[in-house]
Amino acid sequence: MKVKQTPIAAAVSIALLSTAMAVHAQDQAPQATAAPAAAADTPQQLDTVVVTGVRASQQKALAVKRNSEDHIDVISAEDIGKMPDKNVADSLSRIAGVTILNSPTGGSGGFDERDRVALHGTNPSLTQTLVDGHPIANGDWFVLDQTGAGVGRSVSYSLLPSEMVGEVDVRKDSEASLAEGGTAGSVNIITRKPLDFTQSMTFQANVGAVYADLPAKTDPQLSALFNFHNDAKTFGVLLQAFSEKRDLRRDGIETLGFINTMATADATSLKAPGLAGVYLPDLIGAAYFTQKRERTGGVARVEFKPNSDFDINLSGFSSKMNADNYNRNFMIINRPGFTAYSSATLGSYTTAVDNQGENTLTSMNLSWATPSAAGVYDMISRKASASSNFLALDSSLKVNDALKFKFNGGVSKGLGKTNAQDVYEANIYATSASFQLNGPGSAPSFSLGGINPSAGITHDPVTPAAGLGFGWIFGVENLAVYDKDTWAQVDGEYTLDSGLVRSISFGVRSSGHDRHTGPTVNQRPGCDTGAAYEAQMFTWAGTYYCSATDTNAASSPSPYALVNAPAFTQFYPSNFGAGLGGSVPANIAYPTPAALAAFDANYTNRDPNSAALVHSPIQGGEYGVKETITAAYAEANLEGSGWTGKLGLRAVHTQQSSHAWTYTQTSATPDVISAWGSEYLTTSDRSYNNMLPSASMKIDITKDVVAHLGLSRTLTRADYTALSAVANLTPPKSQADPTVGSGSAGNPNLKPIISTNFDSDIAWYFAPRAYVSMGAFHMQMGSYITDGTFSETLPTLLPLTSASGSPQSIVNRQYLLTGPVNKKASVTGLEFAIETPVYKNFGVNANYTYSDGHDETGHVLQGSVQDSFNLGGYFENDSFSARVNYGYTSDNYIGTDRGTPYYQKGVGVLSASLGYKYNDHFSLSLDGQNLNDPILRYYASDVQPRAVYNNGRQYYLTAHIKY
């Protein structure tokens, strides 16, 4: 196996190895007289926390890290309880080499809760998340994250509350015994076991509330734990439950892409021919988002251990988050074919060339003699939820002193749902329109003249005037994305205790994964029939498009009639957008969610039982991916004087099937007939084999200095949406047209990401609760997945010629498609960490990670974060405790959104916790998150901003009861 290292990785590796070997040589004689591998022979596991205090938890976590044969970091339940950690990602954010995203993809923007976890400054899809060593299926609540690009392999931590944790192990290397899937590493969330509790009966409860300062609302936060085991510790039962509600408000100024350029005809009309070909900010809007999150669920576990040789556990977990939300976005539009450039008078304007060489219109002032199309106002109320659950059985059996086995099997299901989208899109007619881009660090400014944003709907097709009028209803209904994992594995270990080989580990694993969407409905507006959600299509006759004789009366069936408009009775907050920069219209009115729902019930068709069903798989982005995986491994556990190691090989076979929909197919019978035409189901099948060798070594240089070295080949499969064959095609005009077709599509032929990884770390444990460490890592990926273009031949229904009435037939045509492709890439980086008491009851911790990730073209990798650090401190005595932490991540390339790159600017987050312990049974805590009121900024280039968001601060007051 060859590893092509960058100079920085090679230099650090040599330095680490040289230091390790030099010190090891000096200490070899003393080490030889010690009992070297007693601890290594039986790696320690962290018991359930039975003592309180930050210092005790740190000491236990460092003991596990120190004694482990693998390169890991550990977080204990007690440590989580001393910080404002409301999901597991909050806890992980303080570990060196861990970066956090506030959303899964670019489509949803950034929120206040940490959602995705990544290691080594890479894409979250390269980090594997496990619970008790097994996979967990995932669900996302936001509609664009349910079917958007780059969604699937990563796990939403918003469904994983911190209460479920007994311990979290972060693994930064790999070995043959680990299930493939974590190119950058893995996170294993270990839940509590009933027999680990000291007392035979334990009851714990947390009763509290959260106050969010931006929405200015308070909500309850409740959790409880009950554990019982018999005195002999042969049988135990654990039950946990949580119910947590929270109001969220997000103020945002968004720029939804730069995909259009100024047409030559429009530039000529504006008497500014130099604007032809200049990129336009498509939509700039004031986005006011509110949401009520309700997370409920629990953990149940039964453990039976009749003797020291046999143990069996049955565990179950369920978490569901209701996440209904309402987004309003009041926008100026700069779009050829919509904005009335031909009748406009152009005032001042500016352009700027960005660091990619693209010329962008950065400001413009337009005016019209009569009110003209200048903007749109989208109001979207969604019924959304996400859930995840599992049922797992694991057991261990010691056959004799030499042979032991472990078994793990189960099923996990995830679900992301958008049951309904109540939508009202208004067109904005104005007498003037202007905007000003202020760079990626500040929100843009815009204004629309001659309108009153607080007036609601003011005109219809008969009475055009400056203001708002009904435009359209859009959106996918009944969207459900199902995720399912099944697995069964057997692991064995045979102890030799002879010479170099201490034992042989071996095992087999069979697993399956199914990710697919259910049937969707693509809603559109229509004429009221009196039956809910069964509006008829427009006739386009008359002024209101429902009949030639329709008038603006209460009896009108048309959504365009002014009399039928919903009442706009609520308004943006007076402090909307404070701190974001820029200036936007104020006091914007909107209807309540109930009024919006009532309007859509009359004027949309979304009833899946209706005879006029608009079931539209292509428009709904329906897809499915199935995988069946079998694997086997063997690993030698090695041991010498002052060192241990592992040498193994894992063999993996993957069967994969991907399906999607197309308009054209050789089959004479379509699978679905929608309003957009006949739609056909297509399937792509394949299989592949991979061999994954690995080697690692732990060196006890002295009793306090430990080094880890690892070399492995890893595998991570492509995200499910990337593997889907969903395509959006622009075909040639006819069979006689020689043009190559274009479009965007998934790529079911993607290779998995195969990476050769090198990982090294040296740590000095210079006190019971103190250590300092330095590490280096390098990942050489021969088949990284990123955006690109690829050619494909597809069956296409085309007329013989472009002449009207020309006969049509299906022919195979070439397409050049944009979508995910495989490229070579590499990631190289360094990690530094320190944790130590400083004076009596005080202590500090700090870490820093540098990561440099680029593909073969030099483009930064998705998810790549170059610099990240954490700085924290604590104080604790018998009654009081306090912790504070500041974490910072530099700019992050999230991916492509709406046809343009999507980066997040560097941001820091401050959190803190205060605790008071009254006695062993009662304590109080006051926790704060996002205390520095961080502003999340996103951009496409140094000239093109994409979004600026503020989510405010959150404060948690909790009473802790324990018996």
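Residues in the sequence shown are numbered from 10 upward in steps of one, following my numbering.
Even glycine gets a Cβ: it sits at the ideal position worked out from N, Cα and C.
Contact defined as beta carbons within less than 8 Å: I believe residue i pairs with residue j. What is the distance between those atoms, to the nearest angstrom?
{"i": "ASP333", "j": "GLN300", "result": "7 Å"}
{"i": "LEU870", "j": "GLY882", "result": "Not confirmed; about 33 Å, so no contact."}
{"i": "MET911", "j": "GLY904", "result": "Sequence inspection shows Tyr at residue 911; the Met mentioned does not correspond to that position. The pair is a contact, with the Cβ atoms about 6 Å apart (cut-off 8 Å)."}
{"i": "ASN531", "j": "VAL485", "result": "6 Å"}
{"i": "LYS413", "j": "LYS407", "result": "5 Å"}
{"i": "GLY908", "j": "ILE268", "result": "4 Å"}
{"i": "PHE585", "j": "TYR297", "result": "6 Å"}
{"i": "LEU724", "j": "SER667", "result": "Between SER667 and LEU724 the Cβ distance is about 18 Å, and since that is not below 8 Å, they are no contact."}
{"i": "SER376", "j": "ALA353", "result": "7 Å"}
{"i": "LEU509", "j": "LEU647", "result": "6 Å"}
{"i": "HIS129", "j": "SER860", "result": "6 Å"}
{"i": "PRO626", "j": "GLU688", "result": "5 Å"}
{"i": "LYS971", "j": "GLN498", "result": "So it is not a contact: roughly 36 Å between Cβ atoms."}
{"i": "TYR895", "j": "LYS833", "result": "Wrong, their Cβ atoms sit about 36 Å apart, outside the cutoff."}
{"i": "MET330", "j": "SER232", "result": "With 8 Å as the limit, MET330 and SER232 do not qualify as a contact, their Cβ atoms being about 15 Å apart."}
Take residue i and list the residues in its own chain whose beta-carbon comes closer than 6 Å to its own, dropping the five residues that flank it on each side.
{"i": "THR243", "result": "LYS314, PRO315"}
{"i": "HIS717", "result": "HIS80, LYS707, ASP770"}
{"i": "ALA401", "result": "HIS143, SER324, GLY419"}
{"i": "LYS926", "result": "SER888, SER932"}
{"i": "ASP50", "result": "Note that ASP50 scores 38 on pLDDT, short of 50, meaning its location in the model is unreliable and no value can be drawn from it."}
{"i": "LYS742", "result": "SER811"}
{"i": "GLU502", "result": "LYS413, SER512, SER514"}
{"i": "GLY245", "result": "PRO203, LEU204, HIS238, GLU312"}
{"i": "PRO582", "result": "none"}
{"i": "SER815", "result": "PRO808, LEU809"}
{"i": "SER357", "result": "ASN374"}
{"i": "LEU370", "result": "VAL287, LEU289, THR360"}
{"i": "PRO16", "result": "Bear in mind that a pLDDT of 39 at PRO16, under 50, signals an unreliable position, so the number given afterwards is only what the model happens to contain. Excluding sequence neighbours, PRO16 sits near nothing in its chain."}
I need the boundaries of the alpha helix (DSSP H) containing residue i, first residue and last residue.
{"i": "LEU284", "result": "Neither: LEU284 is in no alpha helix (DSSP H) and is coded neither H nor E."}
{"i": "ASP154", "result": "152-156"}
{"i": "LEU101", "result": "97-101"}
{"i": "ASN941", "result": "Where ASN941 is concerned, there is no enclosing alpha helix (DSSP H), given that its DSSP letter is neither H nor E."}
Excluding the 5 residues preceding and the 5 following residue i in the sequence, name in chain order all residues of the same chain whose CB lies nearer than 8 Å to its CB.
{"i": "LEU658", "result": "ALA185, TYR642, ALA643, GLU644, MET700, LEU701, PRO702, SER703"}
{"i": "ARG75", "result": "VAL715, ALA772, TYR774, TYR780"}
{"i": "ALA776", "result": "THR845, PRO846"}
{"i": "THR739", "result": "GLY750, SER751, GLY752"}
{"i": "THR663", "result": "GLU636, THR637, ILE638, SER696, TYR697, ASN698, ASN699, ARG726, PRO761"}
{"i": "ARG962", "result": "ALA221, ASP222, LEU223, GLY937, GLN938, ASN939, LEU940, ASP942"}
Among residues of its own chain, excluding the 5 on either side of residue i, which ones have a beta-carbon nearer than 7 Å to its beta-carbon?
{"i": "ASP609", "result": "ASP431, VAL432, ILE482"}
{"i": "VAL32", "result": "For VAL32, the predicted model reports a pLDDT of 38, less than 50, meaning its position is unreliable; a value from the coordinates is still stated below. The residues are ILE710, THR711, VAL714."}
{"i": "TYR554", "result": "PHE547, THR548, SER567, TYR569"}
{"i": "ASN886", "result": "ASN850"}
{"i": "ALA70", "result": "VAL83, ILE84, SER85, ASP88"}
{"i": "LEU605", "result": "MET388, SER390, ASP431, TYR433, PRO575"}
May I ask which residues mark the beginning and end of the beta strand (DSSP E) holding residue i?
{"i": "LEU732", "result": "No beta strand (DSSP E) contains LEU732, which is instead part of the alpha helix (DSSP H) from 729-732."}
{"i": "HIS80", "result": "Element bounds for HIS80: n/a, residue is neither H nor E."}
{"i": "ALA834", "result": "817-848"}
{"i": "GLN213", "result": "210-221"}
{"i": "SER769", "result": "762-776"}
{"i": "THR678", "result": "Neither: THR678 is in no beta strand (DSSP E) and is coded neither H nor E."}
{"i": "ASP861", "result": "851-864"}
Within the present structure, is the beta-carbon of residue i separated from the nearest heavy atom of the ligand ADP by less than 7 Å?
{"i": "THR138", "result": "The ligand content of the structure shown is nil, which means the ligand ADP is not present either."}
_Pairs of beta-carbons, one from the region 833-848 and one from the region 775-789, closer than 8 Å: are there three or more?_
yes
*asked:* If we require 3 or more residues per run, which beta strand (DSSP E) segments fall completely within the region 362-429?
replied: 368-407
_With a threshold of 8 Å, are at least 3 pairs of Cβ atoms found where one atom belongs to the region 554-570 and the other to the region 250-264?_
no
_Check whether the region 227-245 and the region 266-284 touch, using three or more Cβ-Cβ pairs below 8 Å as the test._
no
*Entirely within the region 241-278 and at least 3 residues each: give me those beta strand (DSSP E) ranges in chain order.*
Under the rule that a run must span 3 or more residues, the beta strand (DSSP E) segments found entirely inside the region 241-278 read 244-264.
*Counting only runs that start and end within the region 104-192, where is the alpha helix (DSSP H) found for 4 or more residues in a row?*
152-156
*Please list the segments of the beta strand (DSSP E) lying wholly inside the region 500-527, counting only runs of 3 or more residues, in order along the chain.*
510-526
_Entirely enclosed alpha helix (DSSP H) segments - the region 540-625, minimum 4 residues_ = 602-612
*Would you say the region 99-109 touches the region 948-959, given that touching needs at least three Cβ pairs under 8 Å?*
no
*May I ask you to verify whether the region 440-457 touches the region 488-497, counting CB pairs closer than 8 Å and requiring at least 3?*
No, the region 440-457 is not in contact with the region 488-497.
_Check whether the region 327-342 and the region 362-381 are in contact - that is, three or more C-beta pairs closer than 8 Å._
no
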